[in-house]
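Residue 304 in the numbering used here sits at position 238 of the first sequence, with consecutive numbering throughout.
Glycine residues also receive a C-beta, built at the ideal position from the N, C-alpha and C atoms.
Written out below as structure tokens is the structure these notes cover.
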Amino acid sequence: MTTSDPLHILRDRFGFPAFRTGQRELVDAALAGRDALGVLPTGGGKSLCFQVPCIALPGLTVVVSPLISLMADQLRRAREAGIQAQAIHSGLPPAQRDQVGRAAAAGEVELLLVAPERLLAPSFEPLIPLLHVSLLVIDEAHCISCWGHDFRPAYRELGRIRHRLGAPVQALTATATPKVRAEIEEILGFRRPVRFVGSFDRENLLWAVRPARSPAERNQVLYDLVHRAPGARLIYAATRKRVERIRASMARRGLRTEAYHAGLPEGERTRVQAFFMEARRPLVVATNAFGMGIDRADVRLVVHDQLSGSLEDYYQEAGRAGRDGEAALCVALRGPGDGGIHRAFLDRTHPPIRSPGELVRLWRSGDLGSRLERRHAQLAKLRAVDRYAGTKGCRRRVLLGWFGERRSGPCEGCDRCRGWPGVLGAIGSR
DNA sequence: CGCCTTGTACCTAGGTACAAGGCGGTGCCCTAGT
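Structure below.
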């Protein structure tokens, strides 16, 4: 006997006794045909929010995902729950892409994973009128805001696409400030949405910033941190070159260290990911290319050679620590010239207006306001990072404040409240 | 912002020294021509 009752589905198909906070609200919204925004913390069970409606509803659930590797993860998990799930992406042979498209049009697919670019591609166009989409899910929805303007403009077009598909939208993310949440809703054209925003605070994470003046001193500080920390360890650096340098420096000091960035061949990237997932006590140095879809529970230390370009990015990267709930340390090194590279990236992706002619052109086309606003918003993100690095008060309060969460009193979990020896001691040493 | 590469001056032949300028981070997509 089949049932469309969410709780029965949860128990029978997934083996969980009850929904966790937020899941029920998001599932019910999907079943009622309402738009919904879910900000659920890492490990908060986001996939269930659309897998359960996918089973309960007739028709197709389309899940938009930013990375092919994430599609692979979602595909595996959905199939484990007995869902007829498929993906269409450039990694598949053309014949297989066509076959999946035909199956979806014939109603033989329950869950379809695609990149946003795919939804806009001419090759996908003929398929759209044939699909009976009952739910459109935007996974990692913060990408709409952080990438949509420049890096992956397809994210800006999702509002148009959702109307063509004629389905309610469920936007899911683990990291979104109030501003980003508003932008997601605006771009997707939400009306009377259901919203669920979980707490960003993770008590087991310890936060600290350490001074380091030169690259050589940074290497020494990194080594001191990394060689004693138990569990899996991760170092983030701002450039590929710096990643290689750090790897070499750790290796010279006798630590097995693997490097990861987007300039490495596919096979090498896969190998390093597997090393990080499987080795007893791995150490990986990476750019921000590393992490999405990486899900190791016992990461005890995440060190940033330099802080990220925004607190959203920093929280996403550092937040890969301590998923098992045990104490874990998130340290950022700080020195002269920090943030320069992010300002340089910003000048490329959101350039300042360079000439009177350009100013007039933008004003005439009506794009002046949004152009100024976007650059201004990016600069505000950089200033927030500086505030986090330089605060004399509680770091946790600065971090949570950025995500719109208030908090008072000392936290006992950052170097300002507890002192550096205190937070360092909390994760123990090998 | 800081780095690395490239170019020029130096003056008589291949190095040295320094200035100028470009570049740095994320990933989908699959055209047209080997």
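Q | Spatially closest choice to L179 from A248, S113 and L466, by CA coordinates | A | Within the first sequence, the letter at position 113 stands for residue 179. When each option's Cα is compared against that of L179, the closest is S113.
Q) How long is the line joining the alpha carbons of S131 and I194, rounded to whole angstroms? A) The sequence position of residue 131 within the first sequence is 65, counting from 1. The sequence position of residue 194 within the first sequence is 128, counting from 1. When rounded, the distance between both Cα atoms is 18 Å.
Q. In the DSSP assignment, what are the bridge partners of W468?
A. On the first sequence, position 402 is the one that residue 468 refers to. Per DSSP, none; premise fails for W468.
Q. Quick one, which of V263, D364, R335 and V338 has its alpha-carbon nearest G297's?
A. Taking the first sequence and counting its residues from 1, the one referred to as residue 297 is at position 231. For the residues V263, D364, R335 and V338, the minimum Cα distance to G297 belongs to D364.
**Q.** Beta-bridge partners of R284, as assigned by DSSP
**A.** For the purposes of this step, residue 284 is taken as the residue at position 218 of the first sequence. R284 pairs with nothing; no bridge assigned.
Q) Which two residues bound the contiguous alpha helix (DSSP H) that contains Y381? A) Start at 1 with the first residue of the first sequence, and residue 381 comes out as number 315. Per DSSP, Y381 belongs to the alpha helix (DSSP H) from L377 to A384.
Q) From I419 to G375, what distance separates their C-alpha atoms? A) Position 353 of the first sequence holds residue 419. Position 309 of the first sequence holds residue 375. Each residue's alpha carbon lies about 21 Å from the other.
Q) Which one or two residues does DSSP pair with V260 in a beta bridge? A) In the first sequence, counting from the first residue as 1, residue 260 sits at position 194. DSSP, once it has assigned bridges, lists A102 as partnering V260.
Q. Do the segment 423–440 and the segment 407–414 touch if we need at least three Cβ pairs shorter than 8 Å?
A. no
Q) How big is the Cα-Cα spacing for A220 and H208? A) What you label residue 220 is simply residue 154 of the first sequence in a count that begins at 1. What you label residue 208 is simply residue 142 of the first sequence in a count that begins at 1. Answer to the nearest angstrom: the Cα atoms are 13 Å apart.
Q.
As a quick exercise: from F80, R184, A147 and A317, pick the residue whose alpha carbon is nearest that of R163.
A. For the purposes of this step, residue 163 is taken as the residue at position 97 of the first sequence. Taking only the C-alpha atoms, the option nearest R163 is R184.
Q) Are G167 and I134 touching if we call contact CB-CB under 8 Å? A) Your numbering for residue 167 matches position 101 in the first sequence. Your numbering for residue 134 matches position 68 in the first sequence. No, the Cβ-Cβ distance between G167 and I134 is not below 8 Å.
Q | Nearest residue (CA-CA) to A84, options L73, G110, E91 and V93 | A | On the first sequence, residue 84 is found 18 positions in, with the first residue counted as 1. The residue with the shortest Cα to Cα distance from A84 is L73.
Q) Going by beta carbon distance, what residues of the same chain come within less than 6 Å of R318, once the five residues before and after it are set aside? A) As a working mapping, residue 318 is identified with position 252 in the first sequence. Excluding positions up to five away in sequence, the list is empty.
Q: Please list, in chain order, all residues of the same chain as V292 whose beta carbon is under 8 Å from its beta carbon, the five residues on each side excluded.
A: Locating residue 292 in the first sequence gives position 226, where the first residue counts as 1. Closer than 8 Å at the Cβ level, and outside the excluded window around V292, lie R299, I301, M316, L321, L349, L367 and V369.
Q: Counting only the same chain and skipping the five closest in sequence on each side, list residues whose C-beta sits under 8 Å from that of D94.
A: Position 28 of the first sequence, counted from the first residue, corresponds to residue 94. P72 and V260, listed in sequence order.
**Q.** Bounding residues of the alpha helix (DSSP H) (the contiguous stretch that carries L91)
**A.** Locating residue 91 in the first sequence gives position 25, where the first residue counts as 1. Checking the sequence, you will find Glu at residue 91 rather than Leu. Taken as a continuous stretch (DSSP letters only), the alpha helix (DSSP H) holding E91 covers Q89 to L97.
Q. Does DSSP classify L438 as helix, strand or coil?
A. On the first sequence, residue 438 is found 372 positions in, with the first residue counted as 1. Helix, per DSSP.
**Q.** Where S211 sits in the DSSP three-state scheme
**A.** Position 145 of the first sequence, counted from the start, is the residue given in the question as residue 211. For S211, the three-state secondary structure derived from DSSP is helix.
Q | 6 Å CB neighbourhood of E471 in its chain, flanking five on each side removed | A | Walking along the first sequence from the start, residue 471 turns up at place 405. If we look at E471 and ignore the five residues flanking it on each side, its Cβ neighbours are F266.
Q: Over the uninterrupted alpha helix (DSSP H) stretch that includes E424, give me the two end residues.
A: Counting from 1 along the first sequence, the entry for residue 424 is found at position 358. From DSSP, the alpha helix (DSSP H) with E424 extends over P422 to S431.
Q: Using beta-carbon positions only, say whether G488 and R462 come within less than 8 Å of one another.
A: For the purposes of this step, residue 488 is taken as residue 422 along the first sequence, with counting starting at 1. For the purposes of this step, residue 462 is taken as residue 396 along the first sequence, with counting starting at 1. No, Cβ-Cβ distance for G488 and R462 is not below 8 Å.
(Q) So if DSSP puts A340 in a beta bridge, which residue, or which two residues, is it bridged to? (A) Taking the first residue of the first sequence as 1, we reach residue 340 at position 274. None; A340 has no bridge partner.
(Q) Please return the same chain residues whose Cβ sits closer than 7 Å to the Cβ of G109, not counting the five positions on each side in sequence. (A) Position 43 of the first sequence holds residue 109. The answer, listed in chain order, is R389.
**Q.** Beta carbon of R230 nearer than 8 Å to that of G255
**A.** Counting from one through the first sequence, the residue named residue 230 turns up at place 164. Counting from one through the first sequence, the residue named residue 255 turns up at place 189. Not in contact: R230 and G255 (Cβ atoms no closer than 8 Å).
Q. Leaving out five residues before and five after T241 in sequence, what residues of the same chain have Cβ atoms less than 7 Å from its Cβ?
A. The count along the first sequence starts at 1 and reaches residue 241 at position 175. Closer than 7 Å at the Cβ level, and outside the excluded window around T241, lie H208, E378, Y381 and Q382.
Q: For A446, collect the residues of the same chain with a Cβ closer than 6 Å to its Cβ; drop the 5 residues on either side in sequence, then sort them by chain order.
A: Against the first sequence, residue 446 aligns to sequence position 380. Residues of the same chain with a CB within less than 6 Å of the CB of A446, apart from the 5 flanking positions on each side, do not exist.
Q) Apart from the five residues just before and just after Q152, which ones in its own chain have a Cβ nearer than 8 Å to its Cβ? A) Looking up residue 152 in the first sequence gives position 86. So the list reads L141, V166, A169, A170, V175, L177, L178 and L179, once near-sequence residues are dropped.
Q. Apart from the five residues just before and just after F80, which ones in its own chain have a Cβ nearer than 7 Å to its Cβ?
A. Residue mapping note: residue 80 aligns to position 14 of the first sequence, counting from 1. For F80, where only same-chain residues beyond five positions count, the Cβ hits under 7 Å are L114 and A147.
**Q.** Which listed residue (A98, G99 and G111) has its alpha carbon closest to that of G88
**A.** Position 22 of the first sequence, counted from the first residue, corresponds to residue 88. It is G111.
Q) Does the beta-carbon of D452 have 16 or more other beta-carbons within 10 angstroms, so that it is buried, or is it exposed? A) Numbered from 1 along the first sequence, position 386 holds the residue referred to as residue 452. When all chains shown are included, D452 counts as exposed.
Q.
Taking the straight line between their C-alpha atoms, what separation do you get for D78 and S70?
A. As a first step, residue 78 is located in the first sequence; it is residue number 12 there, counting from the start. As a first step, residue 70 is located in the first sequence; it is residue number 4 there, counting from the start. Near 11 Å, if we compare the C-alpha coordinates of S70 and D78.
Q | Start-to-end residues for the beta strand (DSSP E) that takes in T415 | A | Reading the first sequence from its first residue, position 349 is the one you call residue 415. T415 -> not in any beta strand (DSSP E); alpha helix (DSSP H) instead, spanning G406 to T415.
Q: Taking 8 Å as the cut-off, decide whether the C-beta atoms of A233 and L202 are in contact.
A: For the purposes of this step, residue 233 is taken as the residue at position 167 of the first sequence. For the purposes of this step, residue 202 is taken as the residue at position 136 of the first sequence. Contact flag set, yes.
Q: Starting from the Cα of V118, find the closest Cα among V105, R143, M137 and L136 and give me that residue.
A: Along the first sequence, read from residue 1 onward, the residue named residue 118 stands at position 52. Nearest option by C-alpha distance: R143.
Q) Under the DSSP definition of a beta bridge, which residues are partnered with L179? A) Here residue 179 refers to the residue found at position 113 when the first sequence is read from its first residue. Paired residues: V129 and A153.
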